[in-house]
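**Q** Quick note: to get this note's numbering, add 406 to the position in the sequence shown (first position is 1).
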Amino acid sequence: MRNVILIAPPAAGKGTQSELLKKEYGYEHISMGDLLRQEIAAKTPVGLKIAGIIESGALVDDDLTITLLKNKLQEIKGKHYCLDGFPRTIYQAQEFDKVLGELGNEDYVVLYLDLNEDVAYKRIAGRLICSCGKSYNIFEENLKPKVAGICDNCGKELVKRSDDNAESFKTRYQVVLDNFGPIKEYYAQKGKLKIIDVDRDVDLIFHDIIEGIKND
Ligand SMILES: [Zn+2]
407 MRNVILIAPP AAGKGTQSEL LKKEYGYEHI SMGDLLRQEI AAKTPVGLKI AGIIESGALV
467 DDDLTITLLK NKLQEIKGKH YCLDGFPRTI YQAQEFDKVL GELGNEDYVV LYLDLNEDVA
527 YKRIAGRLIC SCGKSYNIFE ENLKPKVAGI CDNCGKELVK RSDDNAESFK TRYQVVLDNF
587 GPIKEYYAQK GKLKIIDVDR DVDLIFHDII EGIKND
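(1) Tell me the rounded alpha-carbon separation between D607 and N477.
(2) K566: beta carbon under 8 Å from a heavy atom of ligand 1?
(3) Starting from R533, follow its DSSP beta bridges and name the residues at the other end.
(4) Helix, strand or coil: how does DSSP classify K429 here?
(5) Just the C-alpha distance for A594 and L506, rounded to the nearest angstrom, thanks.
(6) Distance check for Y518 and I601, CA to CA, integer angstroms please.
(7) With ligand 1 as the reference, list in chain order each residue whose Cβ lies under 6 Å from any of its heavy atoms.
(8) Check each candidate in D469, D605, N522, E523 and name the one with the smallest Cα separation from A499.
(9) Just to confirm my understanding: we take M438, look at its own chain, exclude 5 residues before and 5 after, and list those with CB closer than 6 Å. What are they?
(10) Do L489 and V410 have their C-beta atoms within less than 9 Å of each other?
(11) Specify whether the segment 520–539 and the segment 555–564 touch according to this definition: at least 3 beta carbon pairs, one from each stretch, less than 8 Å apart.
(12) Name the two residues that bound the continuous beta strand (DSSP E) containing N409.
(13) What does the alpha-carbon distance come out to for the pair G587 and G561?
(14) Examine ligand 3 and report whether any of its heavy atoms sits within less than 8 Å of the Cβ of D524.
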């Protein structure tokens with residue numbers, strides 16, 4: 407099996423698929439966002455530096471991000487991993503390739519979870535959440551609450567996430583796709599990119615993911 411870099415727009419089901427990889431094949435799920443948060447919480451020298459950068463309102467620089475990732479890969483010692491939330495830039499992608507060269511394992515595949523904007527919008531705009539943690543979708547039969555607006559679990563009233571409206575969605579979605587463009591191109595040129603249609607059942611998507619990460 408190959409290591410995986412998962413690239414996906416919002417609502418593409420990245421979390422579900424990473425969980426399946428972890429559960430079914432023992433992959434280590436590396437979320438760049440979580441990695442940053444854990445490092446800050448652990449107050450390591452790098453974590454303190456990151457906290458300072460974030461407090462000052464700046465973006466965490468590429469080299470620090472790469473260092474963190476390199477440490478993590480050394481820590482998991484050759485276990486298969488599924489990376490998400492990274493790379494954000496071509497520079498990060500190039501530097502990551504250098505790191506993998508140093509670590510002696512460059513065998514990975516980039517999976518792009520492809521979702522049409524209308525479907526993504528329904529998934530996000532139809533989403534209702536409960537304070538108990540359960541979530542619903544009014545556009546999907548199997549995810550609707552039994553009683554409109556009420557949680558099946560605990561009977562509380564369901565709410566929309568504040569940023570789930572059409573305007574902010576379209577803007578956010580476009581920004582994300584624009585950012586992915588050059589990164590997809592970079593990996594396509596290296597022959598690493600596989601595109602997976604995620605407007606299908608979870609099982610079918612996962613099947614294609616497994617096909618994509620098997621060694622030839
Ligand atoms: Zn509830």
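Don't be surprised by glycine CBs; every beta carbon is placed ideally from N, CA and C. Since this is a predicted model, take the numbers as computed values, not measurements.
**A** Let me lay it out:
(1) In the sequence shown, the residue the question calls residue 607 occupies position 201. In the sequence shown, the residue the question calls residue 477 occupies position 71. C-alpha separation (whole angstroms): 36 Å.
(2) The count along the sequence shown starts at 1 and reaches residue 566 at position 160. No, the beta carbon of K566 sits no closer than 8 Å to any heavy atom of ligand 1.
(3) Position 127 of the sequence shown, counted from the start, is the residue given in the question as residue 533. Paired residue(s): N543.
(4) Mapped onto the sequence shown, residue 429 falls at position 23. K429: helix per DSSP, three-state reduction.
(5) Residue mapping note: residue 594 aligns to position 188 of the sequence shown, counting from 1. Residue mapping note: residue 506 aligns to position 100 of the sequence shown, counting from 1. Cα to Cα, the separation comes out at about 18 Å.
(6) On the sequence shown, residue 601 is found 195 positions in, with the first residue counted as 1. On the sequence shown, residue 518 is found 112 positions in, with the first residue counted as 1. Approximately 5 Å between the Cα atoms of the pair.
(7) C536, C538, K540, C557, N559, C560, K562
(8) Here residue 499 refers to the residue found at position 93 of the sequence shown. Answer by Cα proximity: D469.
(9) For the purposes of this step, residue 438 is taken as residue 32 along the sequence shown, with counting starting at 1. The beta carbon of M438 sits closer than 6 Å to those of G491, F492, all from its chain and outside the five residues before and after it, given in chain order.
(10) Mapped onto the sequence shown, residue 489 falls at position 83. Mapped onto the sequence shown, residue 410 falls at position 4. Their beta carbons are under 9 Å apart, which means L489 touches V410 by this criterion.
(11) yes
(12) On the sequence shown, position 3 is the one that residue 409 refers to. Note, N409: beta strand (DSSP E), 409–413.
(13) The residue labelled residue 587 in the question sits at position 181 within the sequence shown. The residue labelled residue 561 in the question sits at position 155 within the sequence shown. Taking the straight line from one Cα to the other gives about 43 Å.
(14) As presented, the structure is devoid of ligand 3, carrying ligand 1 as its sole ligands.
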